[in-house]
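Novice: Got a structure for you, written out below as structure tokens; questions coming shortly.
Protein chains in written order, with my numbering: chain A, 3 to 161; chain B, 3 to 161.
So this is what it looks like as structure tokens:
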């Protein structure tokens with residue numbers, strides 16, 4: 003009896019945990035909410051945001067970054083001076099990079115790929131990559147889920 | 003003892019279920035895979051894509067569109083001539099709109115919002131919106147999950 007009761011309770015706990023996950027399709031969104039991480043995070047609100055009103059972080063002399071965070075997606079503008087190097091790193095977040103101006107050379111998946119203005123690179127989860135700006139570059143990066151390390155400024159590899 | 007064992011098993015079941023959820027953060031990605039929806043969908047592959055190699059759909063005389071699809075995110079370029087109207091519509095997909103050139107006027111959430119070049123609008127899931135191009139406009143739209151209606155060309159409201 004104790005066993006059945008305990009199993010019932012456990013099942014109900016599982017349900018609760020799963021429904022908590024399923025409320026937000028990405029899951030991690032709720033983790034953020036639970037942890038009170040709200041930095042520039044809209045929690046799915048309608049917001050009208052001029053980029054020139056968004057904090058522009060100077061991460062190192064060659065690298066500036068600003069970003070807007072939705073519920074499950076982050077859109078970032080990364081401004082790099084020629085020669086800027088983003089050391090090899092890796093993240094679970096899926097990434098789509100769209101070069102608006104300039105050119106970025108990537109070392110990724112055993113290849114060297116130059117992504118020029120007007121071109122896109124889709125980077126799957128957990129694929130290590132390194133990049134170098136071949137000229138002054140404006141890079142639009144899209145991540146899902148949002149990069150928690152960026153939001154929490156826990157991104158020493160860039161600083 | 004039985005209770006403790008059952009609780010342990012239940013905990014392990016919960017772990018399994020939660021870790022299964024975390025494999026695909028958005029979930030719907032797997033739904034697509036299960037349903038064999040693969041149109042321009044990378045399934046999380048590394049891809050280098052110049053925009054000028056991507057199909058540019060002419061949806062109506064004032065509206066052209068092209069998009070790149072990752073696993074859980076879609077990035078689209080929407081080219082609108084002045085006067086182009088996107089009729090009111092609504093989708094579960096979260097949307098971030100970044101106007102690269104021109105200006106879009108939105109009717110959304112009981113408000114009129116003009117989003118100019120260099121500005122962003124975050125549109126939460128299921129919020130009805132209508133838009134009009136106030137001048138020739140290049141609009142970058144990010145969706146998560148990807149718009150299945152666009153991928154399946156089941157988007158009569160635009161045609």
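All C-beta atoms, glycine included, are put in the ideal place defined by N, C-alpha and C.
Between residue 72(B) and residue 135(B), is the Cβ-Cβ spacing less than 9 Å?
Specialist: Start at 1 with the first residue of the second chain, and residue 72(B) comes out as number 70. Start at 1 with the first residue of the second chain, and residue 135(B) comes out as number 133. Taking 9 Å as the Cβ cut-off, residue 72(B) and residue 135(B) do not qualify as a contacting pair.
Novice: Taking 9 Å as the cut-off, decide whether the C-beta atoms of residue 100(A) and residue 142(B) are in contact.
Specialist: Numbered from 1 along the first chain, position 98 holds the residue referred to as residue 100(A). Numbered from 1 along the second chain, position 140 holds the residue referred to as residue 142(B). Yes.
Novice: Verify the CB distance criterion: does residue 58(A) have a CB-CB separation below 9 Å to chain B?
Specialist: Position 56 of the first chain holds residue 58(A). No - not a single Cβ of chain B is within 9 Å of the one on residue 58(A).
Novice: With a threshold of 16 other CB atoms inside 10 Å of the CB of residue 61(A), please say whether the residue is buried or exposed.
Specialist: The sequence position of residue 61(A) within the first chain is 59, counting from 1. It counts as buried.
Novice: Can you name, in chain order, every residue of its own chain whose Cβ lies under 6 Å from the Cβ of residue 152(B), other than the five neighbours on each side?
Specialist: Taking the first residue of the second chain as 1, we reach residue 152(B) at position 150. For residue 152(B), where only same-chain residues beyond five positions count, there are no Cβ hits under 6 Å.
Novice: Check whether the stretch 115 to 128 of chain A touches the stretch 49 to 66 of chain A, counting contact only when three or more Cβ pairs, one atom from each stretch, lie closer than 8 Å.
Specialist: Contact between the stretch 115 to 128 of chain A and the stretch 49 to 66 of chain A is absent, because fewer than three Cβ pairs lie under 8 Å.
Novice: Checking the sheet assignment: what are the DSSP bridge partners for residue 100(B)?
Specialist: Counting from 1 along the second chain, the entry for residue 100(B) is found at position 98. BP columns for residue 100(B) point to 122(B), 142(B).
Novice: So, are the CB atoms of residue 146(A) and residue 47(B) less than 9 Å apart?
Specialist: Position 144 of the first chain holds residue 146(A). Position 45 of the second chain holds residue 47(B). No, the pair does not count as a contact, with Cβ atoms beyond the cut-off.
Novice: Any beta-carbon of chain B closer than 9 Å to the one on residue 142(A)?
Specialist: One-based indexing of the first chain puts residue 142(A) at position 140. So yes, residue 142(A) belongs to the interface.
Novice: Taking only three categories from DSSP, how would you classify residue 2(B)?
Specialist: Given a span of 3 to 161 for chain B in the structure shown, any question on residue 2(B) remains unanswerable.
Novice: Should residue 122(A) and residue 49(B) be called a contact, given that it needs their Cβ atoms to be closer than 9 Å?
Specialist: Sequence index remark: in the first chain, residue 122(A) carries index 120 (1-based). Sequence index remark: in the second chain, residue 49(B) carries index 47 (1-based). It is a contact, given that the beta carbons lie within the stated cut-off.
Novice: From residue 149(A) to residue 67(A), what does the alpha carbon distance come to, in whole angstroms?
Specialist: Position 147 of the first chain, counted from the first residue, corresponds to residue 149(A). Position 65 of the first chain, counted from the first residue, corresponds to residue 67(A). Cα-Cα distance, rounded: 13 Å.
Novice: Quick one: grab the DSSP three-state call for residue 38(A).
Specialist: Translated into positions along the first chain, residue 38(A) becomes position 36. Unreliable placement is indicated for residue 38(A), whose pLDDT of 35 sits below 50; the coordinate value is still reported in the next sentence. Reduced to three states, the DSSP call for residue 38(A) is coil.
Novice: Give the secondary structure of residue 106(B) by DSSP, where H, G and I count as helix, E and B as strand, and everything else as coil.
Specialist: Counted from its first residue, the second chain places residue 106(B) at position 104. Here residue 106(B) sits in strand by DSSP.
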